[in-house]
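Colleague: For the record, in the sequence shown the residue sitting at position 127 is 229 according to my numbering, with numbers rising by one throughout. Note that beta-carbon positions come from the ideal geometry of N, C-alpha and C, so glycine has one too. Provided herewith is a single structure, encoded as structure tokens, for subsequent inquiry.
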Amino acid sequence: MTKRGAEATITRGQWHGRDVIFKERSPKSYRDGSLDMTLRTSRTKREASLLSEAKQFGIATPIVYDIDVSNFIMVMEYIDGDLAKTLLQNRDDRLELAEKIGRSVGAMHKNDIIHGDLTTSNMIFRDEVAYFIDFGLGEKSHEPERKGVDLHLLKEAMDSAHSEFPKLFDSVTKGYLDAYEDGHRILAIVKNIEKRGRYS
Ligand SMILES: Nc1ncnc2c1ncn2[C@@H]1O[C@H](COP(=O)(O)OP(=O)(O)OP(=O)(O)O)[C@@H](O)[C@H]1O
Ligand SMILES: [Mg+2]
């Protein structure tokens, strides 16, 4: 099975007897050749290191088995579950799922990990645990503004992909504050970003 995403080709396969995903960052013809190679290299490395780092802080992520930087390929554990996007639409306990998502995002931010692309297609639930993928645009930062932008993106993603369920982000907030005592500061920034958006 192969899937072409915006950035990469995702292929399910076997690696040393394990079920894995090969994520290969494809060239983008609109980017200058050497810039293109630099971006694909840095995002591949960054994604592998943030996946591993997040896991050390107790955030569920696929295990990274291998990385072939010169071919822009990362080999990771296949997470056999359902996208948060699907479950948030279909499950009656969606608010509890959203709270779990919030708790994990709070744990990331508490540990200065910015995900960079917090959409509900970048989270997979397996055995009721939310696994986070797609850290290629992430970074390490202690700056509250960066965390605010990260969380604001999740709010926007939920408001657009799950507009029938406007309470989802309240549950995210609850989990976020549970995991991250200083989270109030970040939530204030999220409100501020929304205000700026409305008046600009
Ligand atoms: N480790 C994994 N286990 C199971 N499914 C995965 C895994 N990694 C990726 N996928 C599936 O492939 C999709 C795309 O993966 P990912 O988001 O990492 O790539 P992408 O190129 O950034 O894609 P997009 O542009 O769609 O975000 C995910 O939404 C998910 O359905
Ligand atoms: Mg993705």
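1) Indicate the three-state DSSP secondary structure (helix, strand or coil) for R193 in the structure shown.
2) Drop a sphere of 10 angstroms on the beta-carbon of E296, count the other beta-carbons inside from all chains shown, and report buried for 16 or more, exposed for fewer.
3) With H, G and I counted as helix, E and B as strand and the rest as coil, what does DSSP make of T163?
4) Which residues count as close to ligand 2 when the rule is a CB under 6 Å from any of its heavy atoms, in chain order?
5) Let's test the definition: count the other Cβ atoms within 10 Å of the Cβ of G160 and tell me whether it reaches 16, buried, or not, exposed.
6) Any idea if L137 is buried or exposed, counting beta-carbon neighbours within 10 angstroms, 16 or more meaning buried?
7) Taking the alpha helix (DSSP H) that I295 belongs to, which residues open and close that run?
8) Does chain B have any CB closer than 8 Å to the CB of S223?
9) What whole-angstrom Cβ distance do S262 and A200 have, given they're in contact under 8 Å?
10) So does M260 have its beta carbon nearer than 7 Å to some heavy atom of ligand 1?
Modeller: On the basis of the data shown:
1) coil
2) exposed
3) coil
4) G107, S223, N224 and D236
5) exposed
6) exposed
7) G285 to Y301
8) Looking for chain B here will not work: only one protein chain is present.
9) Not a contact, Cβ separation roughly 15 Å.
10) no
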